[in-house]
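Those protein sequence lines, which keep their order, are chains A and B.
According to the working numbering, the first sequence is numbered sequentially starting from 21.
According to the working numbering, the second sequence is numbered sequentially starting from 21.
Working notes for the structure below.
2 protein chains.
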Amino acid sequence: METPVALLGGTGKLGPGLAMRFARAGVPVLIGSREAEKGRAAAADVTAKLQAVAPGAAAVEGTDNLDAAQRGRIAVITVPFEGQPGLLPGLAEALAGKVVVSTGVPVRFAEGVGPVHADVAEGSVAEQAAAMLPGSRVAAAFHSVSSAELKRLSRDVEGHVVVTGDDAQAKQVAFELVHLLPGSRPVDGGRLHCARYSELLTVLLLSVNGIYKTHAGVMLTNLPPESEG
Amino acid sequence: METPVALLGGTGKLGPGLAMRFARAGVPVLIGSREAEKGRAAAADVTAKLQAVAPGAAAVEGTDNLDAAQRGRIAVITVPFEGQPGLLPGLAEALAGKVVVSTGVPVRFAEGVGPVHADVAEGSVAEQAAAMLPGSRVAAAFHSVSSAELKRLSRDVEGHVVVTGDDAQAKQVAFELVHLLPGSRPVDGGRLHCARYSELLTVLLLSVNGIYKTHAGVMLTNLPPESEG
C-alpha cells in the first residue's frame with residue numbers, strides 16, 4: 021500500500037479512530053483539517069493515545085487539508101457530508117490520479133424523530149465525491165464502522181465493511197484499508213451507485229443505536245468463506 | 021397471535037416461503053392471489069412440501085386476495101412492490117383495524133447494471149402501504165430474508181430481521197412473526213420512515229448476491245443480548 025494515508029477533514033468523529041487503527045497497523049497517516057493547527061492537535065492526541073498501547077505505531081502527523089491531499093498517496097474523506105462540497109473542489113487537483121475513499125453518510129438528527137437521511141442530488145455522498153473529483157479513483161467504505169468502537173483500541177471492530185466503487189484499483193485499496201482493522205472484513209457491495217444503500221444502512225444503524233443504546237455494526241450471513249476479503 | 025395469517029399476493033417469491041415457515045410453526049396461513057385458483061395451487065404446493073418434513077404443520081389454504089384480507093387476522097403483504105398500488109386500495113376496508121406487515125423492496129434489475137432501487141413517492145414501500153391502508157396498523161419486516169433460504173426447510177434462516185413501524189402493537193406482532201422463523205431474531209429499527217433504509221439494504225444484499233453467487237442475509241453486531249426480541 022502506498023503511504024501516507026491522508027484523512028481529509030480528519031479531526032471529526034471518524035478521522036481520529038481510523039488514524040489510530042491505521043497507524044497501529046504500521047501505516048503512516050496525515051490528519052488534514054481546515055486549519056493546520058487543529059490537524060496537529062488531533063494528531064498529537066492520537067499519538068499520545070497510541071503511545072500507551074502501541075509504542076511501535078507508525079507516525080500520525082497533522083496538517084491542513086490541502087497539504088494532506090498533496091502528500092497523501094491515498095486519501096480517505098472523513099469530513100461530515102455537509103462539509104464535502106466546501107472541501108473537495110479545492111482538492112481536486114491535488115487528488116488527481118489518486119485513490120480516494122468516501123466514508124460519508126448523509127444523515128441529520130431531526131428533533132423528536134432521530135436520525136433521518138438527507139437527500140444528495142448525486143444519489144450518494146460517494147457519487148457526489150466522485151463528481152467533485154473527476155480525476156480521482158473513488159471507492160466508498162467504512163460507512164457502518166462505529167467511530168466509538170474504532171477508538172476503543174482494546175477491542176477489535178468485528179463486522180463486515182461494504183466496499184463499493186466503479187474502479188477496481190480503488191476498491192482493492194479500500195479492501196486493504198479495511199484489512200488494517202482487526203476483526204473487520206471487506207465485502208464487495210458492487211458499483212459506486214450502490215454506495216447509497218451502504219450509506220443509508222448506517223442511518224438504520226444509528227436508529228438502532230438510539231433504541232438499544234449501543235454502537236451496532238453489521239455482518240452479512242451466507243457469504244462464501246473463500247470470497248471474504 | 022391471532023390467526024390465520026393472510027399472505028396478500030402470496031404466490032410469488034416470498035409468500036410460499038413464509039407460508040411454509042409459519043405453518044410449520046403451527047400458524048394457519050391463507051395464501052391470497054389475484055385469482056383464487058392460483059392461490060389454491062400455491063397452497064397445495066406448499067402443503068405437499070410441508071407434508072414430507074412437517075406432517076403436523078398447520079393448514080395452508082389458498083384463496084383470492086380479498087377473501088384472504090377479510091378472513092386473515094393479520095396480513096403480510098408479499099406482492100412485488102410494483103403490484104402494491106393495484107392491490108391495496110381495494111383491500112383497505114377488509115384490513116381496517118388489523119395489523120399489516122409490509123415486506124416489499126423497491127428494486128428493479130437494470131440491464132448490465134444489476135439491482136437498483138426504484139423511487140417511491142411516499143419514501144418507502146411500507147409508507148406507501150400505510151398511506152393506502154389508512155385504517156390499518158402497519159409495520160415493516162422481512163426485507164432481508166431470502167426467499168430461497170426460507171424454502172430450504174432443512175436449514176434455519178440465521179440473521180436479524182429489522183422491524184420498523186409507528187404502531188407499537190403492529191411492531192409486536194411483526195416481532196412474533198419473525199420469531200416463527202428458527203434462527204431469525206427481530207431487531208427494532210425504529211419508526212416506519214426507517215423502513216426505507218431496511219428496504220434499500222436488501223438492494224445492497226441483492227448486489228452482493230450477484231457478486232458472490234449467494235443469498236446473503238444480515239446480522240447486526242454489538243446488540244445487547246437481553247434486547248434481542
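Think of the CB as a built atom: it goes at the ideal place given N, C-alpha and C, for glycine as much as any other residue.
Proximity test, Cβ basis, 7 Å: residue i and chain A
| i | result |
| --- | --- |
| SER227/B | yes |
| GLY249/B | The predicted model places GLY249/B with a pLDDT of 48, which falls under 50 and marks its position as unreliable; any figure quoted below should be read in that light. Not one chain A Cβ lies under 7 Å of GLY249/B. |
| LEU173/B | no |
| PRO244/B | yes |
| LEU28/B | no |
| THR241/B | yes |
| LEU70/B | no |
| LEU111/B | no |
Residue from the options with nearest C-alpha to residue i
| i | options | result |
| --- | --- | --- |
| VAL207/B | ALA112/A, LYS233/A, THR23/A, LEU107/A | LYS233/A |
| ALA56/B | ALA89/B, LYS33/B, GLY185/B | ALA89/B |
| ASP176/B | GLU22/B, VAL198/B, ALA159/B, VAL133/B | VAL198/B |
| PRO75/A | SER167/A, GLY46/A, LEU34/A | GLY46/A |
| PHE42/A | ARG216/A, LEU27/A, ARG54/A | LEU27/A |
| GLY103/B | ALA63/B, ARG54/B, VAL181/B | ARG54/B |
| GLU169/B | ASN242/A, HIS213/A, ALA68/A, SER174/A | ASN242/A |
| LEU34/B | SER166/B, HIS180/B, HIS235/B | SER166/B |
| LYS171/A | LEU108/A, HIS235/A, GLY132/A | HIS235/A |
| VAL66/B | ASP87/B, PHE162/B, THR31/B | THR31/B |
| PRO202/B | GLU131/B, HIS163/B, GLN71/B, MET40/B | MET40/B |
| ALA160/A | GLU219/A, LEU108/A, ARG60/A, ALA77/A | GLU219/A |
| VAL73/A | LEU173/A, LEU240/A, ASP87/A, LEU225/A | LEU173/A |
| ALA63/B | GLN71/B, VAL80/B, LYS69/B | VAL80/B |
| GLY37/B | THR98/B, CYS214/B, TYR217/B, GLY132/B | THR98/B |
| PHE129/A | LYS58/B, GLY237/B, MET239/B, CYS214/B | CYS214/B |
| VAL182/A | ALA188/A, ARG205/A, LEU200/A | ARG205/A |
| ASP186/A | LEU107/A, VAL121/A, GLU113/A | VAL121/A |
| LEU212/B | ALA188/B, LEU225/B, LEU200/B | ALA188/B |
Test: residue i CB closer than 7 Å to a CB of chain B
| i | result |
| --- | --- |
| ILE161/A | According to the sequence displayed, residue 161/A carries Ala and not Ile. No - not a single Cβ of chain B is within 7 Å of the one on ALA161/A. |
| LEU197/A | no |
| ALA236/A | yes |
| THR123/A | no |
| GLU178/A | yes |
| MET21/A | no |
| LEU212/A | no |
| LEU170/A | no |
Listed by chain order, chain A residues near residue i by CB distance under 8 Å
| i | result |
| --- | --- |
| GLY202/B | Here the sequence assigns Pro to residue 202/B, which means Gly is not the residue at that position. Result: empty, since nearest Cβ-Cβ is about 14 Å, beyond 8 Å. |
| ASP208/B | VAL228, ILE231, TYR232 |
| LEU221/B | TYR217, LEU220, LEU221, LEU224 |
Proximal residues to residue i (C-beta, below 7 Å), its chain only, five neighbours per side dropped
| i | result |
| --- | --- |
| PRO24/A | PRO48, VAL49, LEU50, ARG91, GLY92, ARG93 |
| GLY134/B | SER227, GLY230 |
| GLU142/B | GLN148, ALA151 |
| HIS137/A | PRO126, VAL127, LEU220, VAL223 |
| LYS69/A | MET40 |
| LEU240/A | HIS180, VAL207 |
Other residues of its chain near residue i: CB distance less than 6 Å, five sequence neighbours each side excluded
| i | result |
| --- | --- |
| PHE252/B | The shown model of chain B, from 21 to 249, leaves out residue 252/B, and the question about it has no answer. |
| VAL119/A | ILE94, ARG157, ALA190, VAL193 |
| ALA78/A | ALA43, GLY46, VAL47, PRO48 |
| ALA116/B | GLY155 |
| HIS163/A | VAL125, SER218, GLU219, THR222 |
| VAL21/A | The sequence given here places Met at residue 21/A; Val does not occur at that position. These residues qualify, in order along the chain: GLU196. |
| ALA112/B | LEU153 |
Where residue i meets chain B, residues with beta-carbon distance less than 7 Å
| i | result |
| --- | --- |
| SER218/A | LEU224 |
| VAL182/A | LEU224 |
Contact list for residue i against chain A, beta-carbon separation under 9 Å
| i | result |
| --- | --- |
| PRO36/B | Neighbours of PRO36/B on chain A: none; closest Cβ ~20 Å, over 9 Å. |
| LEU115/B | By Cβ distance, chain A contributes nothing, its closest Cβ being about 26 Å from LEU115/B, past 9 Å. |
Cβ-based neighbour list, residue i, same chain, cut-off 8 Å, excluding 5 preceding and 5 following
| i | result |
| --- | --- |
| GLY210/B | THR184 |
| ASP87/B | LEU50, GLY52, ALA56 |
Any chain C beta carbon closer than 7 Å to residue i
| i | result |
| --- | --- |
| VAL198/A | Among the protein chains of the structure shown, namely A and B, there is no chain C. |
In the stretch 44 to 67 of chain B, which residues sit with their C-beta less than 8 Å from some C-beta in chain A, listed in chain order? So nothing in the stretch comes that close.
Within 9 Å of chain A by C-beta, residues of the stretch 124 to 140 of chain B in sequence order: If the cut-off is 9 Å between Cβ atoms, the stretch 124 to 140 of chain B has VAL133, GLY134, PRO135, VAL136, HIS137 near chain A.
Listed from N- to C-terminal order along the chain, which residues in the stretch 79 to 100 of chain B have their beta-carbon within a distance smaller than 9 Å of any beta-carbon of chain A? Closer than 9 Å at the C-beta level to chain A, one finds no residue of the stretch 79 to 100 of chain B.
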